[in-house]
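Going by our numbering, 422 is the number at position 124 of the sequence shown; the sequence numbering is gapless. No residue lacks a Cβ here, since even glycine has one placed at the ideal position from N, Cα and C. What follows is a short report on a single structure.
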Amino acid sequence: MIQQTNSQSTNLQTAATRRRVLVVGGVAGGASCAARLRRLDESVEIVMFDRGPYVSFANCGLPYYVGNVISDESRLLVASREMFHERFNIEVHTETEVSSIDRSACAIIVHDLRTDQTRTERYDALVLSPGAAPIRPALPGVDLPGVFAVRTIPAPIITAMPIRKR
Ligand SMILES: Cc1cc2nc3c(=O)[nH]c(=O)nc-3n(C[C@H](O)[C@H](O)[C@H](O)COP(=O)(O)OP(=O)(O)OC[C@H]3O[C@@H](n4cnc5c(N)ncnc54)[C@H](O)[C@@H]3O)c2cc1C
């Protein structure tokens, strides 16, 4: 979902001034959008935020990581903050949660989870790609130890799984 102010042209390539695009969520949707935008427009400033420690990782590899077919967590990482900066000139802030949007001011409030500081970031265009949360159906036993939702990398959850220790 992309939000733009009314006064802005939708053609990012022909913008006369340097525009600022903020991307919330840095995995499949957010990272793809940011990289595509850079290919369309070399002048625009692109900043991406993710509340997790990683961006652009292979969710589809998680089942293989659970099953220990992929043993090294780093093999799930497709790109890094440094790569986004060097290859695409995209600034990435991980462990940074976007807590609210002030649409009238064209700004978002971001919370740095490492320092517990909040700050405001201005945008000309805002891309929201925050993904989804898994549904836990109300089935008997769903809260028992050993029942996990596998949605993202944080490895500590996965490495604790009994199936991985077999
Ligand atoms: C185990 C598993 C296996 C899969 N296998 C396949 C497959 O084989 N093939 C396939 O096509 N698809 C597969 N998928 C689905 C695919 O991974 C998803 O469709 C895709 O990751 C969705 O991308 P997304 O960017 O929309 O959301 P996500 O990947 O969920 O990324 C959203 C990101 O936004 C961040 N975020 C959310 N809210 C905020 C906030 N307020 N502030 C900052 N950051 C925020 C989250 O931390 C997250 O990193 C699989 C998914 C899983 C979980």
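Where does residue i land, buried or exposed, given buried means 16+ other C-beta within 10 angstroms?
| i | result |
| --- | --- |
| T394 | buried |
| G323 | buried |
| S305 | Confidence in S305 is poor, its pLDDT being 47 and thus under 50, which makes the residue's placement unreliable; the coordinate value appears in the next sentence. S305 should be labelled exposed. |
| G365 | exposed |
| D441 | exposed |
| G444 | exposed |
| S330 | exposed |
| S398 | exposed |
| L338 | exposed |
| S341 | exposed |
| V321 | buried |
Determine the contact status of residue i and residue j, defining contact as a CB-CB distance below 8 Å.
| i | j | result |
| --- | --- | --- |
| P432 | R449 | yes |
| V325 | N357 | yes |
| T392 | P361 | no |
| D410 | R317 | no |
List the DSSP bridge partners of residue i.
| i | result |
| --- | --- |
| T315 | The partner list for T315 (beta bridge, DSSP) is empty, contrary to what the question assumes. |
| F382 | According to DSSP, which records beta bridges pairwise, F382 is partnered with nothing at all. |
Report task. Evaluate contact between the region 365-381 and the region 414-429, counting only Cβ atoms and requiring at least three cross-stretch pairs below 8 Å. Result -> The region 365-381 vs the region 414-429: no contact.
Requested in this report: Give a yes or no on contact between the region 378-397 and the region 343-359, applying the rule of three or more CB pairs nearer than 8 Å.
Outcome: yes
Requested in this report: Decide if the region 378-385 is in contact with the region 420-432; the criterion is three or more beta carbon pairs, one per stretch, under 8 Å apart.
Outcome: no
Query raised in the report: Going along the chain, which residues put their C-beta within less than 7 Å of some heavy atom in ligand 1?
Result: V322, G323, G324, V325, A326, G327, G328, F347, D348, R349, G350, N357, C358, L360, P361, T394, E395, V396, S397, S427, P428, G429, A430, V448, R449, T450
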